[in-house]
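In the working numbering, the protein residues as written are 180 to 440. No residue lacks a Cβ here, since even glycine has one placed at the ideal position from N, Cα and C.
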């Protein structure tokens, strides 16, 4: 299950009563379809993922890499000469909250390439698009309540699934939420609010499922507000089966489209 917005977000938009859950499966499908439509149209991903990409430098500019995706955090770079010190790599644009599209070595340096058919530079990091990456992860206000959570467990106990998050919003956990516990991303697929237990997909977004200890902090991912609201708008329209959805916000989608060389 991959959604940009959450089920609770859509239920609020539709003004559904708390106990009115009969259409939840249809709403989730609409959210998935809306998320897919937005991402395929703009050629961007709006939830973060950890991945290593192989990128070929331009022979005419061997010290520069034009990245094939939006880079939120640079973790490692290596070429045929081995691992490159990140202090020698500049990300452009250089603003910390803005995703990078270019890597550039310090002046006069070039990426070293071997004789392999791939002949590329490995770039590891967190990829995706967000306009305020430093604010993307929010404190849920909750902690892991189990004595421990094994790497293969699909249930996570929490202290109060209906409690308020750091912004005072309730409930703090939604179906569709992307969570971060330690360095692992987890996706919420169901919530037992009586037992305060979350059913989750482990190792989401290219991360590795690992064990977590009691009292580990739980964070929730907040996508860029404009993209979240557009996802809800499209999902709402999909539930009503009205008109060609592509026309509703095409100017915004065109502005968001990722340009490739």
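* Asked: Below 9 Å between beta carbons: does that hold for residue 400 and residue 357?
  -> Position 221 of the chain shown, counted from the first residue, corresponds to residue 400. Position 178 of the chain shown, counted from the first residue, corresponds to residue 357. With contacts defined by Cβ atoms closer than 9 Å, residue 400 and residue 357 form a contacting pair.
* To do: Sort out for me which residues DSSP pairs residue 165 with in a bridge.
  => Since the first and last residues shown for the chain are 180 and 440, residue 165 lies out of range.
* Backbone CA spacing between residue 257 and residue 283 [nearest angstrom] -> Counting from 1 along the chain shown, the entry for residue 257 is found at position 78. Counting from 1 along the chain shown, the entry for residue 283 is found at position 104. Spanning the two alpha carbons is a distance of roughly 13 Å.
* To do: Would you tell me roughly how many angstroms separate the C-alpha atoms of residue 240 and residue 435, rounded to the nearest one?
  => The residue labelled residue 240 in the question sits at position 61 within the chain shown. The residue labelled residue 435 in the question sits at position 256 within the chain shown. Taking the straight line from one Cα to the other gives about 27 Å.
* Roughly how many whole angstroms lie between the Cα atoms of residue 432 and residue 215? -> Position 253 of the chain shown, counted from the start, is the residue given in the question as residue 432. Position 36 of the chain shown, counted from the start, is the residue given in the question as residue 215. Pairing residue 432 with residue 215, the inter-Cα distance amounts to about 13 Å.
* Let me know if residue 280 comes out buried or exposed under the rule of 16 or more other beta-carbons within 10 Å of its beta-carbon. => Residue numbering aside, residue 280 sits at position 101 when the chain shown is read from its first letter. Burial is judged here by how many other beta carbons sit within 10 angstroms of a residue's own beta carbon; residue 280 has at least 16 and is buried.
* Sub-9 Å separation of residue 371 and residue 380 beta-carbons -> Counting from 1 along the chain shown, the entry for residue 371 is found at position 192. Counting from 1 along the chain shown, the entry for residue 380 is found at position 201. With contacts defined as CB atoms closer than 9 Å, residue 371 and residue 380 fail to qualify as a contacting pair.
* Classify residue 143 as buried or exposed, calling it buried when 16 or more other Cβ atoms lie within 10 Å of its own Cβ. => Coverage of the chain is limited to positions 180 through 440, which leaves residue 143 absent and any answer about it impossible.
* To do: Using three-state DSSP, classify residue 319 as helix, strand or coil.
  => As a working mapping, residue 319 is identified with position 140 in the chain shown. Reduced to three states, the DSSP call for residue 319 is strand.
* With which residues is residue 201 paired in a DSSP beta bridge? -> Against the chain shown, residue 201 aligns to sequence position 22. Answer is none; residue 201 lacks a bridge partner.
* Asked: Using a Cβ-Cβ cut-off of 7 Å (strictly less than) and excluding sequence neighbours within five positions of residue 223, which residues of its own chain qualify?
  -> In the chain shown, residue 223 corresponds to position 44, counting from 1. Excluding sequence neighbours, residue 223 sits near 249, 308, 435 and 437.
* Residue from 311, 384, 289 and 375 whose Cα sits closest to the Cα of residue 322 -> The count along the chain shown starts at 1 and reaches residue 322 at position 143. The closest CA to that of residue 322, considering only 311, 384, 289 and 375, is found on 375.
* Quick one: grab the DSSP three-state call for residue 335. => Sequence index remark: in the chain shown, residue 335 carries index 156 (1-based). In this structure, residue 335 counts as strand in the three-state DSSP scheme.
* Asked: How big is the Cα-Cα spacing for residue 415 and residue 192?
  -> Your numbering for residue 415 matches position 236 in the chain shown. Your numbering for residue 192 matches position 13 in the chain shown. Between residue 415 and residue 192, the alpha-carbon positions lie close to 8 Å from each other.
* Asked: First and last residue of the beta strand (DSSP E) that includes residue 396?
  -> Residue numbering aside, residue 396 sits at position 217 when the chain shown is read from its first letter. DSSP places residue 396 in the uninterrupted beta strand (DSSP E) bounded by 396 to 400.
* **Touching by the beta-carbon criterion (3+ pairs, under 8 Å), the region 315 to 332 and the region 379 to 393** => As far as the Cβ criterion goes, the region 315 to 332 touches the region 379 to 393, which means the pair count is three or higher.
* Beta-carbon proximity check, residue 305 vs residue 218, cutoff 9 Å -> Translated into positions along the chain shown, residue 305 becomes position 126. Translated into positions along the chain shown, residue 218 becomes position 39. Going by C-beta atoms, residue 305 is not nearer than 9 Å to residue 218.
* Report, in whole angstroms, the separation of the C-beta atoms of residue 275 and residue 313, which I expect to be a contact under 8 Å. => Counting from one through the chain shown, the residue named residue 275 turns up at place 96. Counting from one through the chain shown, the residue named residue 313 turns up at place 134. Confirmed, about 6 Å.
* Give the DSSP bridge partners of residue 269, in chain order. => Counted from its first residue, the chain shown places residue 269 at position 90. Answer is 283, bridged to residue 269.
* **Through-space distance from residue 266 to residue 272, alpha-carbon basis** => Counted from its first residue, the chain shown places residue 272 at position 93. Counted from its first residue, the chain shown places residue 266 at position 87. Roughly 16 Å between the two C-alpha positions.
* First and last residue of the uninterrupted beta strand (DSSP E) at residue 249 -> For the purposes of this step, residue 249 is taken as residue 70 along the chain shown, with counting starting at 1. Boundaries of the beta strand (DSSP E) harbouring residue 249: 243 to 258, taken from the DSSP string.
* How long is the line joining the alpha carbons of residue 388 and residue 352, rounded to whole angstroms? -> Here residue 388 corresponds to residue number 209 of the chain shown, with the count starting at 1. Here residue 352 corresponds to residue number 173 of the chain shown, with the count starting at 1. In a straight line, the C-alpha of residue 388 is about 20 Å away from that of residue 352.
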